Structures are given as C-alpha cells and as structure tokens.
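Everything on this sheet refers to the single structure shown next.
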Amino acid sequence: MINMTWDDFRDAATALLELQDQLRVTKHPVTKQWNWTWESAPTTTRLLHIYPGYGFLASRNNIRRYQPQPFEDSSAAADDEDVIDDVDPGLLEQPMDPCMFSYEFHIVYSPIYRLPVLFLQGSHLDGTPLTTSQVQAHLSQQFIDGTKFVSQDEHPVLGVPFYFVHPCETSACLSLLLENQAIPCPLQVLLSWMSLLAPWSAIPVHLPQPPSDIETASIAGVM
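When we follow the working numbering, the leftmost residue of the sequence shown carries the number 57, and every step to the right adds one.
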C-alpha cells in the first residue's frame with residue numbers, strides 16, 4: 057500500500073509549488089488552471105504541535121459551469137451526469153450565469169489515512185454557499201455517485217464545515233497506479249493522487265516527463 061508521512065507530504069507540496077513556478081515560466085497550458093498556494097495552520101490547530109509547520113495546499117476561485125438538469129432544484133441531488141467546462145475567471149466580471157459556480161479545493165494531509173484528502177467548498181458567484189445536494193450533484197460523474205463519495209465534516213485545519221471526498225480506497229488505487237515505480241518520490245505520489253481526484257476537482261494534472269523533471273522539482277527546502 058502507498059502511504060505518506062507528514063514530511064513526505066510537506067516535501068511533495070514544496071516540490072509541487074516549485075513545479076508550478078517552472079511551468080509558469082514556460083507558459084505551460086496547465087498553469088491556466090493551477091493556482092496552488094500553501095496555507096499555514098492557525099496557531100490554535102492542535103495538529104500543529106504534533107506536525108511542525110502543519111498546513112495544506114489550497115486552490116481558490118475555480119470557476120466551473122455545470123449544465124442544468126431536467127427538473128433540477130436546489131433541494132434535490134441530480135442523478136444524471138453533470139458536464140464540466142473550465143471557465144476563465146475573467147467571466148466573473150460579466151453578468152451572473154446561474155450555471156456557473158466557484159469552487160475552492162484544499163489538499164490536506166490526514167494522519168489517520170497517511171495520505172492527502174481532498175476538501176472542498178462550492179458557492180454561487182455571488183458567494184451564496186451551495187447546498188449539500190448541489191455539491192454532490194455537481195461532483196457526480198459517470199459511474200460515480202456523489203452522494204456515496206462526498207460528505208460534509210469539520211475541516212481538520214480550519215475547524216469549519218467543509219465537504220470532502222472519502223479517502224478509504226485511495227491507498228489501494230495509488231498502489232495500482234504506481235505499481236511500476238520502484239520507489240516513487242513524494243511529488244510522484246502527490247501528482248498521482250491528484251490524477252485520481254481529478255474527476256472531482258476538474259483540475260488537470262501535469263505529470264512531468266522525463267522523470268528527471270520530477271526529481272529536479274523534488275529538490276526542495278523546508279517551507
């Protein structure tokens with residue numbers, strides 16, 4: 057099974073931000089949708105005493121278009137597959153579109169699962185939070201039922217309600233994805249994890265080739 061220590065995750069987060077900077081220099085297309093930042097945990101966070109430097113990766117203002125579904129209302133989850141289109145954040149300045157929403161994604165290290173967990177929030181463009189049924193309907197994909205894989209709980213760092221994608225089978229899926237890698241570096245594990253969660257985040261993942269690119273990006277100091 058694939059697992060990560062806190063130090064592994066922190067190294068991977070550092071390397072991801074360095075890779076993001078490198079891709080921006082080359083104007084790689086993926087950077088149009090990559091806006092990852094490191095958020096340090098508040099000093100009151102209990103895990104900060106166990107894991108020095110505790111924090112998480114955050115990606116905000118991700119504008120998504122979800123096509124309305126027949127007979128859809130705000131109190132009932134939709135059963136059909138939603139269509140996701142990535143939308144330029146500049147569209148926020150245009151008249152509000154009821155089919156457009158803003159999502160915030162957090163990659164948080166879980167000491168229990170020893171892997172990252174995807175936390176998220178969604179809102180209308182005017183800032184009105186989405187209901188649970190709306191979030192679950194938006195994140196439902198073909199053969200994936202959002203009501204079974206997306207729940208609400210307290211954010212482990214911020215201590216406020218957030219939605220999250222259930223991480224129970226993540227380790228097994230990562231093991232299959234990385235089975236041909238002798239000893240994957242932390243960044244490889246994180247990028248592979250991000251690719252597994254891409255159906256929910258709709259954030260594209262850039263897997264550097266050749267592998268030396270990953271190794272270069274993995275050489276990082278402590279945040």
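Every residue gets a Cβ at the ideal spot worked out from N, C-alpha and C, and that includes glycine.
Computed from a predicted structure; not experimentally measured.
Query, Result
"Please report the distance separating the alpha-carbon of D136 from that of Y122.", "Because D136 carries a pLDDT of 39, less than 50, the predicted location of this residue cannot be relied on, and the following value inherits that uncertainty. Using only the alpha carbons, I get a separation of about 12 Å."
"In its own chain, which residues sit with a C-beta less than 6 Å from the C-beta of S257, not counting the 5 before and 5 after it?", "F161"
"Are the CB atoms of A69 and L113 nearer to each other than 7 Å?", "yes"
"List in chain order: all unbroken alpha helix (DSSP H) runs of 4+ residues lying wholly within the region 168-240.", "188-194, 202-205 and 226-233"
"Here's a check: name, in chain order, each residue in its chain whose Cβ is nearer than 6 Å to the Cβ of Y169, leaving out the five neighbours to either side.", "P223"
"Flag this pair as touching only if the region 72-86 and the region 187-206 have three or more C-beta atom pairs under 8 Å; answer yes or no.", "no"
"Starting from the C-beta of I163, find all residues in its chain whose C-beta is less than 7 Å away, skip the five residues before and the five after it, and write them out in chain order.", "F112, L113, P172 and L174"
"Beta carbon of W62: closer than 6 Å to some heavy atom of the ligand PLP?", "Ligands displayed in this structure: none; no statement on the ligand PLP is therefore possible."
"How far does the beta strand (DSSP E) with H162 in it extend, from its first residue to its last?", "M156 to S166"
"Measure the C-alpha to C-alpha separation of P185 and L247 and round it to an integer number of angstroms.", "29 Å"
"Among all the DSSP beta bridges, which residues are the ones paired with A258?", "None; A258 has no bridge partner."
"Could you round the C-beta distance between L79 and W92 to whole angstroms and report it? I think they count as a contact, below 8 Å.", "In fact, because the Cβ distance is near 11 Å, the residues do not count as touching under 8 Å."
"Whole-angstrom Cβ separation of F218 and Q177, contact assumed at under 8 Å?", "6 Å"
"Give the range of the alpha helix (DSSP H) segment to which T70 is assigned.", "W62 to V81"
"Under three-state DSSP, which class holds T93?", "strand"
"For the beta strand (DSSP E) containing L103, list its first residue and its last residue.", "Element bounds for L103: not the beta strand (DSSP E) but the alpha helix (DSSP H), L103 to I106."
"When you compare the CB positions of I331 and S251, do they come within less than 7 Å of one another, or not?", "Residue 331 falls outside the range modelled here, since the chain spans only 57 to 279, and no answer is possible."
"Relative to the alpha-carbon of T101, which residue among Y159, V213 and R120 has its alpha-carbon at the smallest distance?", "V213"
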